[in-house]
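Quick mapping for you: the protein sequence lines, in order, are chains E and S. Under my numbering, the first residue of the first sequence carries the number 1, and numbering increases by one thereafter. Under my numbering, the first residue of the second sequence carries the number 158, and numbering increases by one thereafter. Even glycine gets a Cβ: it sits at the ideal position worked out from N, Cα and C.
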Amino acid sequence: MLIKFNLNGQDVEVETPPARRAVDLLREELNLTGTKEGCGAGECGACTIIVDGTTKLACLLLAAQLEGCRVTTIEGLEHENELTPLQEAFIAGGAIQCGFCTPGMVLTAQALLAKTPLPTEAEIRSAISGNLCRCTGYQKIVESIRLAAHRRAGELQ
Amino acid sequence: MKEVFRPRTFSELWQLRRQHENAALYAGGTDLLVQMRAAKINPQTLICLERLAEIGRIEEFNDEIAIGAGVSQHHLLENPTILKYFPVLCQALQALGSPHIRNMATIGGNIMTASPAGDTLPPLYILQAELELRSQKTQRRLPLADFINGPGQTGISPGEILSRIFIPKEPVFAGHYFEKIGLRQALSIAVVSIAALYNISTERKITAIRLAWGSLGPTIVTLPEVETFLIGKTLNPATLNAAATLVEQQVKPISDIRAGADYRRRVAGQLLLRLDQPANYRQTSA
């Protein structure tokens, strides 16, 4: 079936089998391999994408459900080869080790900060509670999200 | 699987169901797509209900609230009306899955999945929720407790869908409590859960109480004898310990990969002791 949606700011049209999951469409047909598949059952958050401003799991969405939606993957964050302040904060804070959870973590944090510009630590931990990280113990991820929030708040002042 | 349809109106849905009698229905997909991936089911046709506007609303009436079956758990949690009238449901929603799961999964899906561990079910039982089931030609309403027959088994008839969930605003309870014991905080399946609604007098006598437990049996467990025992007694640890013993005598949980039966039985009783914590008893606006 033909699916039309907006992917990282660009309108796309893709012919795909209806049973295709969004994660497979992104990775295998659109070559956007930043979206990872961990468990394939909604329990790890590695395949988190943003659909119409809301985080969703690309392993539990069929490609057909993206029809007419605005979709952001990790590839859609950087602008003219510049990383976002949030991505820079993840690097500065050492929030990345193996990197497998990172795209989902960053997109989850991106959606959080869009709604809650200065989240509390509890709000950050709650927001990323659906994203498993087996390397960092979460502390550096939480600190990096705070860092990004505070840097942005500083710039606004 | 060959086709996916996304009807926007009931008339589109009824037409699709006539054309594809064996189609599987889903809304959030957080359960169905996992089963499909595990090759437990292989429907040829899917009908996705996420864009069906008629089941996507929350409506307030004089004496009840109607929740569309397709309302996501996230939207329920964000809704001030739901928080005002049904804190126990919001507490359960906060414990359900993860933020991403709650963005996708729907309240109707949690009911239709009919898992003994479904987090919204114990609150919906004691809130005495009623379900509206619709088909092209019929519409009926029945209590949730009469609809769920066992794990994954409901009283839905061919051609029907769960359209709305009705919850009465009254009686008003000042005590609302839900707790899930799982193996971790987020993304866990309940080992045991409890939902409670209760009122106490100024002398701390229990004047009304409703209790329901999840993951203790094939469906949600209610224990009218325990409720009767508690009515009129003073809310204190001695009363609750006595009630906990009654609970342990009456429930027959199973052992499975998550916990043993003895542990489940003991926790089911001990969770009652939480009702003595003042934080769980608040004056609601009503």
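Discussion item. My output table needs one value for D52 (chain E): the three-state DSSP class, helix, strand or coil.
Written reply: As a working note, residue 52 (chain E) is residue 52 in the first sequence. When DSSP states are grouped into helix, strand and coil, D52 (chain E) belongs to the coil group.
Worksheet item: Among the residues of its own chain, which have a CB less than 7 Å from the CB of A436 (chain S), if the five just before and after it don't count?
Response: Translated into the one-based positions of the second sequence, residue 436 (chain S) becomes position 279. There are no such residues.
Fill in: 8 Å Cβ cutoff, G34 (chain E) in contact with chain S
Against the first sequence, residue 34 (chain E) aligns to sequence position 34. Not one chain S Cβ lies under 8 Å of G34 (chain E).
Practice prompt. Using only alpha-carbon positions, find the residue among E:V12, E:E80, E:T108 that is nearest to C69 (chain E).
Written response: Residue numbering aside, residue 69 (chain E) sits at position 69 when the first sequence is read from its first letter. Nearest of E:V12, E:E80, E:T108 to C69 (chain E), Cα basis: E:V12.
Fill in: P200 (chain S) versus L61 (chain E) - alpha carbon distance
For the purposes of this step, residue 200 (chain S) is taken as residue 43 along the second sequence, with counting starting at 1. For the purposes of this step, residue 61 (chain E) is taken as residue 61 along the first sequence, with counting starting at 1. Rounded to whole angstroms, the gap between the alpha carbons of P200 (chain S) and L61 (chain E) is 16 Å.
Fill in: Local Cβ density within 10 Å of H333 (chain S), reported as buried at 16 or more and exposed below that
Against the second sequence, residue 333 (chain S) aligns to sequence position 176. By the neighbour-count rule (16 or more Cβ atoms within 10 Å), H333 (chain S) is buried.
Worksheet entry | L234 (chain S) versus S:E221, S:I268, S:A262, residue with shortest Cα-Cα distance | As a working mapping, residue 234 (chain S) is identified with position 77 in the second sequence. The closest CA to that of L234 (chain S), considering only S:E221, S:I268, S:A262, is found on S:A262.
Fill in: Within 8 Å, strictly: CB atoms of H257 (chain S) and T48 (chain E)
Sequence index remark: in the second sequence, residue 257 (chain S) carries index 100 (1-based). Sequence index remark: in the first sequence, residue 48 (chain E) carries index 48 (1-based). Yes.
Worksheet entry | Contact set for P85 (chain E): own chain, Cβ-Cβ below 7 Å, skip 5 residues either direction | Looking up residue 85 (chain E) in the first sequence gives position 85. The residues are A148, R151, R152.
Item to complete: Count the CB pairs spanning the segment 413-422 of chain S and the segment 387-395 of chain S that are closer than 8 Å, and state whether there are at least three.
Response: no
Worksheet item: By the criterion of Cβ-Cβ separation under 7 Å, what are the contact partners of M158 (chain S) in chain E?
Response: Within the second sequence, numbered from 1, the residue matching residue 158 (chain S) stands at position 1. Result: P18, A19.
Worksheet item: With a cut-off of 8 Å, do at least 3 Cβ pairs link the segment 271-284 of chain S to the segment 344-355 of chain S?
Response: yes
Discussion item. In this structure, how does DSSP classify N267 (chain S) when only helix, strand and coil are distinguished?
Written reply: In the second sequence, residue 267 (chain S) corresponds to position 110, counting from 1. Note: N267 (chain S) maps to helix in three-state DSSP.
Worksheet item: Could you check where the beta strand (DSSP E) with P85 (chain E) kicks off and where it finishes?
Response: Taking the first sequence and counting its residues from 1, one reaches residue 85 (chain E) at position 85. Membership of P85 (chain E) in any beta strand (DSSP E) is not indicated; the residue belongs instead to the alpha helix (DSSP H) covering 85-92.
Item to complete: List the whole-angstrom C-beta distance separating L173 (chain S) from I318 (chain S), where the pair is believed to meet the contact cut-off of C-beta under 8 Å.
Response: The residue labelled residue 173 (chain S) in the question sits at position 16 within the second sequence. The residue labelled residue 318 (chain S) in the question sits at position 161 within the second sequence. Not quite, the Cβ-Cβ distance comes to about 11 Å (not below 8 Å), so this is no contact.
Worksheet entry | 8 Å contact criterion, which A271 (chain S) and Y438 (chain S) should meet: CB distance rounded | Translated into positions along the second sequence, residue 271 (chain S) becomes position 114. Translated into positions along the second sequence, residue 438 (chain S) becomes position 281. Contact doesn't hold; Cβ gap of about 31 Å is too wide.
Worksheet item: Who are the Cβ neighbours of E160 (chain S) in its own chain at under 6 Å, not counting the five residues just before and after it?
Response: Counting from one through the second sequence, the residue named residue 160 (chain S) turns up at place 3. Once the five neighbours on either side are set aside, the close Cβ partners of E160 (chain S) are T202.
Worksheet item: So is T102 (chain E) in contact with chain S if we call contact Cβ pairs under 8 Å?
Response: The sequence position of residue 102 (chain E) within the first sequence is 102, counting from 1. No, its Cβ sits nowhere closer than 8 Å to a Cβ of chain S.
Worksheet item: What residues of chain B sit near L86 (chain E), judged by a beta carbon separation below 8 Å?
Response: Given the protein chain composition of this structure (E and S), no chain B is represented.
Fill in: Within-8 Å CB hit, K56 (chain E) to chain S
As a first step, residue 56 (chain E) must be located in the first sequence, where it is residue number 56. It does: the Cβ of K56 (chain E) has a partner Cβ on chain S nearer than 8 Å.
Discussion item. Against chain S, does S144 (chain E) count as a neighbour if the rule is that its beta carbon must be under 8 Å from one of theirs?
Written reply: Residue numbering aside, residue 144 (chain E) sits at position 144 when the first sequence is read from its first letter. Not closer than 8 Å to any Cβ of chain S, the Cβ of S144 (chain E) fails to qualify, so no.
Worksheet item: Using CA coordinates, which residue listed in S:G225, S:A195, S:I204 is at the minimum distance from A171 (chain S)?
Response: Mapped onto the second sequence, residue 171 (chain S) falls at position 14. Reading off the sequence, residue 171 (chain S) comes out as Trp, not Ala. Check the Cα spacing between W171 (chain S) and each of S:G225, S:A195, S:I204: the tightest is with S:I204.
Fill in: G130 (chain E) vs A343 (chain S) beta-carbon contact at 8 Å
Residue mapping note: residue 130 (chain E) aligns to position 130 of the first sequence, counting from 1. Residue mapping note: residue 343 (chain S) aligns to position 186 of the second sequence, counting from 1. Yes.
Item to complete: Just mark S442 (chain S) as buried or exposed, buried being the case when its beta carbon has 16 or more other beta carbons within 10 Å.
Response: As a first step, residue 442 (chain S) must be located in the second sequence, where it is residue number 285. Per-residue confidence for S442 (chain S) stands at a pLDDT of 39, beneath the threshold of 50, marking its modelled position as unreliable; no derived number is given.
Worksheet item: Are any of the Cβ atoms in chain S nearer than 8 Å to that of L77 (chain E)?
Response: For the purposes of this step, residue 77 (chain E) is identified with residue 77 of the first sequence, where counting begins at 1. Not an interface residue.
Worksheet entry | Cβ pair T108 (chain E), A127 (chain E) closer than 8 Å | Counted from its first residue, the first sequence places residue 108 (chain E) at position 108. Counted from its first residue, the first sequence places residue 127 (chain E) at position 127. Their beta carbons are under 8 Å apart, which means T108 (chain E) touches A127 (chain E) by this criterion.
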